[in-house]
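Colleague: For the record, in the sequence shown the residue sitting at position 34 is 34 according to full-length UniProt numbering, with numbers rising by one throughout. Structure provided below as C-alpha cells; questions to follow.
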Amino acid sequence: MEERVTIRELARRSGVSVGTVSRALNGYADVRPETRERIMRLASELDYTPAAAARSLVTQRSHVIGVFMETGEGHPDLQHPFFHEVLGGLKQRVGREGFDLLLFASERPGGGYGPHSYLKRARHHNVDGCALIGLDPDDSEVRRLVRGEIPCVAIDMQLEGPRTEVVMSDNEAGAAAAVRHLHDLGHRRIATITGMIDSRPGVDRLRGYREAIQSLGLAYRDEYVRYGDFYAESGRAETAKLLALDEPPTAIFAAADLMAIGAVRAAAEAGLRVPEDLSVVGFDDIQLAPHVNPPLTTLRQDKLGLGAAAGDALVARIAGDPERPPLRTLPVELVVRGSTATP
1 MEERVTIREL ARRSGVSVGT VSRALNGYAD VRPETRERIM RLASELDYTP AAAARSLVTQ
61 RSHVIGVFME TGEGHPDLQH PFFHEVLGGL KQRVGREGFD LLLFASERPG GGYGPHSYLK
121 RARHHNVDGC ALIGLDPDDS EVRRLVRGEI PCVAIDMQLE GPRTEVVMSD NEAGAAAAVR
181 HLHDLGHRRI ATITGMIDSR PGVDRLRGYR EAIQSLGLAY RDEYVRYGDF YAESGRAETA
241 KLLALDEPPT AIFAAADLMA IGAVRAAAEA GLRVPEDLSV VGFDDIQLAP HVNPPLTTLR
301 QDKLGLGAAA GDALVARIAG DPERPPLRTL PVELVVRGST ATP
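What follows is the structure, encoded as C-alpha cells:
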C-alpha cells in the first residue's frame, strides 16, 4: 500500500526544517527562491497533499462549503432531478477554487440550539460558506444562520442577511411565457398546477400565470388553479380534477416538468390525447423532458448556471468582496416540443 507523504518526510528529503517547508508551500516571501523551487518540485514528485486540519490552521479556512437541504414532508428531496443539476453546477464552480461540498440533508427543521441547529452544524464543521436549497425561509433557524458570520447563498429562496446573496431563475417571466405561448396557439381556457405556495418558485410561477391571464384579457378562474408539490403524482391527481370540471381547460401550465408528466398521464387515463385534446407545458426542462411521449414543451431553467452562480457568489463572499449584489436572476427559455398544439 502506498503511504501518504507527510510534511516531515518532505522536509527531510528537502534538507530543510518543517517550518521552511510550510512557509514555502504557503507562499511566504522570506523563503529563498531556489529552496522554494526544490520543495515545490519534491512536493509534486511525491504527490504531497497537506492535511485539511493543518491547512486550516495556516489559512484559517476549511475549504468546505456546507449545502443545507430540507427533505421532509412538503420539501423537494434529492430524488428531484432539478437538484442534481444545480448541485453539479455548484460543485464544478467551487471545485475550481479548491472547495469541497458537505451535504446536510435533514427531514427536521433547524431545531433551535440543539444538534440540528443549522448554524451550530455549520460552525461545528467549520464551513467557509453555506448554500441553502429547499429550506423554509420563515424557519427561525434559517434566519439565524443567514444573520450569522458565515457567507450564505440561497438558491430559489428569498432570504436577507448581511453576508447572504440570492440566486434564482426568473420564475414569474417563465410562467407568463408559458401562458402567452398557449394563448398564441388559440387556447382561452388555460389552467395551472402550481407548486407549493410556501416556496418562492411556487409563488412566483403562480403570480406569472395570474398576471399573464389578466394581461391577455382572459378571466381568472379559481377552479383553474390547482396546487401540487412539484412531483408527478400531484400533477396526475390535480389534472384529473381539472378534467372533471363542467368546462375543463384545453391547456395546462404545470409549474414543474414532473407535474406536467403526471398531467399527460392523467389525460391518457381520461381517454384524451396530448396535444390533440389537451396541451401541456412544464417548467425546468429536466433531462427526461424531450424523451417522454409526446416530448414536453417546457421552460428551460439554466440549472447548472444556477449552481455556478451560487458558487460565484460564495467564492466572492468568502474572499471578502463587499460589492456583491443581493440578488441575481437568471433568465429562462421557452422550449417548444410536441405537447402543445392548437385547440
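For each residue, glycine too, the CB sits at the ideal point set by N, CA and C. Model, not experiment: these values are computed from the prediction.
For Thr-20, which residues of its own chain have a beta-carbon under 6 Å away from its beta-carbon, when the five flanking residues on both sides are left out?
Modeller: As a position in the sequence shown, residue 20 is number 20, starting the count at 1. For Thr-20, where only same-chain residues beyond five positions count, there are no Cβ hits under 6 Å.
Colleague: For Ala-267, which residues in the same chain have their Cβ closer than 6 Å to its Cβ, ignoring the five residues on either side in sequence?
Modeller: For the purposes of this step, residue 267 is identified with residue 267 of the sequence shown, where counting begins at 1. Counting only Cβ-Cβ distances below 6 Å, and skipping sequence neighbours, we find Val-274, Leu-278.
Colleague: Is the Cβ-Cβ distance between Asp-156 and Val-332 less than 7 Å?
Modeller: Residue mapping note: residue 156 aligns to position 156 of the sequence shown, counting from 1. Residue mapping note: residue 332 aligns to position 332 of the sequence shown, counting from 1. Going by C-beta atoms, Asp-156 is not nearer than 7 Å to Val-332.
Colleague: Shortest alpha-carbon distance to Met-259 belongs to which of Ala-244, Val-5, Glu-269, Val-281?
Modeller: As a working note, residue 259 is residue 259 in the sequence shown. For the residues Ala-244, Val-5, Glu-269, Val-281, the minimum Cα distance to Met-259 belongs to Val-281.
Colleague: Could you give the DSSP three-state label for Thr-298: helix, strand or coil?
Modeller: Counting from 1 along the sequence shown, the entry for residue 298 is found at position 298. In the structure shown, Thr-298 sits in a strand (DSSP, three-state: E or B).
Colleague: State the DSSP-derived secondary structure class of Gly-235, mapped to helix, strand or coil.
Modeller: On the sequence shown, residue 235 is found 235 positions in, with the first residue counted as 1. Gly-235: helix per DSSP, three-state reduction.
Colleague: Hey, Thr-297 and Thr-340: beta-carbon distance below 7 Å or not?
Modeller: Sequence index remark: in the sequence shown, residue 297 carries index 297 (1-based). Sequence index remark: in the sequence shown, residue 340 carries index 340 (1-based). Contact: yes.
Colleague: Comparing C-alpha positions only, which one of Asn-293, Arg-300, Arg-147 sits nearest to Asp-285?
Modeller: Residue 285 sits at position 285 when you count from the first residue of the sequence shown. Of Asn-293, Arg-300, Arg-147, the residue nearest in Cα terms is Arg-300.
Colleague: In whole angstroms, what is the alpha-carbon distance linking Ile-197 and Ala-191?
Modeller: Locating residue 197 in the sequence shown gives position 197, where the first residue counts as 1. Locating residue 191 in the sequence shown gives position 191, where the first residue counts as 1. Their Cα atoms are separated by approximately 16 Å.
Colleague: Please report the distance separating the alpha-carbon of Gly-98 from that of His-63.
Modeller: Walking along the sequence shown from the start, residue 98 turns up at place 98. Walking along the sequence shown from the start, residue 63 turns up at place 63. When rounded, the distance between both Cα atoms is 7 Å.
Colleague: Could you tell me the distance, in whole angstroms, from the CA atom of Tyr-113 to the CA atom of Arg-123?
Modeller: Residue mapping note: residue 113 aligns to position 113 of the sequence shown, counting from 1. Residue mapping note: residue 123 aligns to position 123 of the sequence shown, counting from 1. In this prediction, Tyr-113 has a pLDDT of 46, which is less than 50 and means its spatial position is unreliable; what the coordinates show is noted afterwards. When rounded, the distance between both Cα atoms is 12 Å.
Colleague: Using the Cα positions of His-125 and Leu-102, report the straight-line distance between them to the nearest angstrom.
Modeller: As a working note, residue 125 is residue 125 in the sequence shown. As a working note, residue 102 is residue 102 in the sequence shown. If you take the alpha carbons of His-125 and Leu-102, they lie about 9 Å apart.
Colleague: Would you report the Cα separation of Pro-151 and Arg-200, rounded to the nearest angstrom?
Modeller: Within the sequence shown, the letter at position 151 stands for residue 151. Within the sequence shown, the letter at position 200 stands for residue 200. C-alpha separation (whole angstroms): 21 Å.
Colleague: Could you work out which residue in Val-18, Ala-232, Arg-41 is closest to Arg-265 when comparing CA atoms only?
Modeller: Residue mapping note: residue 265 aligns to position 265 of the sequence shown, counting from 1. Looking at the Cα atoms, Ala-232 is the closest of the given residues.
Colleague: Go ahead and label His-187 buried or exposed: buried means 16 or more other beta carbons lie within 10 angstroms of its beta carbon, across all protein chains shown.
Modeller: Position 187 of the sequence shown holds residue 187. Label assigned to His-187: buried.
Colleague: How many angstroms separate the CA atom of Gly-66 from the CA atom of Ala-251?
Modeller: Counting from 1 along the sequence shown, the entry for residue 66 is found at position 66. Counting from 1 along the sequence shown, the entry for residue 251 is found at position 251. Cα to Cα, the separation comes out at about 41 Å.
Colleague: By DSSP, does Leu-185 sit in helix, in strand, or in coil?
Modeller: Stepping through the sequence shown from its first residue, residue 185 is reached at position 185. Helix.
Colleague: Roughly how many whole angstroms lie between the Cα atoms of Leu-334 and Thr-6?
Modeller: As a working mapping, residue 334 is identified with position 334 in the sequence shown. As a working mapping, residue 6 is identified with position 6 in the sequence shown. Computed Cα separation, rounded: 54 Å.
Colleague: Using beta-carbon positions only, say whether Val-86 and Gly-311 come within less than 7 Å of one another.
Modeller: Position 86 of the sequence shown, counted from the start, is the residue given in the question as residue 86. Position 311 of the sequence shown, counted from the start, is the residue given in the question as residue 311. Contact: no.
Colleague: Which residue from Gly-129, His-84, Asp-30, Ala-244 puts its Cα closest to that of Gly-148?
Modeller: As a first step, residue 148 must be located in the sequence shown, where it is residue number 148. Comparing Cα positions, the closest option is Gly-129.
Colleague: Could you name each continuous beta strand (DSSP E) segment of 3 residues or more that falls completely within the stretch 171-226, going from the start of the chain to the end?
Modeller: The stretch 171-226 contains these whole beta strand (DSSP E) runs: 190-194.
Colleague: Give the list of continuous beta strand (DSSP E) stretches no shorter than 3 residues that lie fully inside the stretch 295-343.
Modeller: If we require 3 residues or more, the beta strand (DSSP E) runs fully inside the stretch 295-343 come out as 297-300, 327-330, 333-335.
Colleague: Is Ile-252 helix, strand or coil by DSSP?
Modeller: Along the sequence shown, one-based indexing puts residue 252 at 252. It is a strand residue.
Colleague: For Gly-174 and Phe-230, I'd like the C-alpha separation in whole angstroms.
Modeller: As a working note, residue 174 is residue 174 in the sequence shown. As a working note, residue 230 is residue 230 in the sequence shown. Whole-angstrom Cα-Cα distance: 16 Å.
Colleague: What's the gap between the Cα of Val-189 and the Cα of Glu-141?
Modeller: In the sequence shown, the residue the question calls residue 189 occupies position 189. In the sequence shown, the residue the question calls residue 141 occupies position 141. Checking the sequence, you will find Arg at residue 189 rather than Val. Each residue's alpha carbon lies about 43 Å from the other.
Colleague: With DSSP collapsed to three states, give me the class of Thr-6.
Modeller: The residue you call residue 6 lines up with position 6 of the sequence shown. Thr-6: coil per DSSP, three-state reduction.
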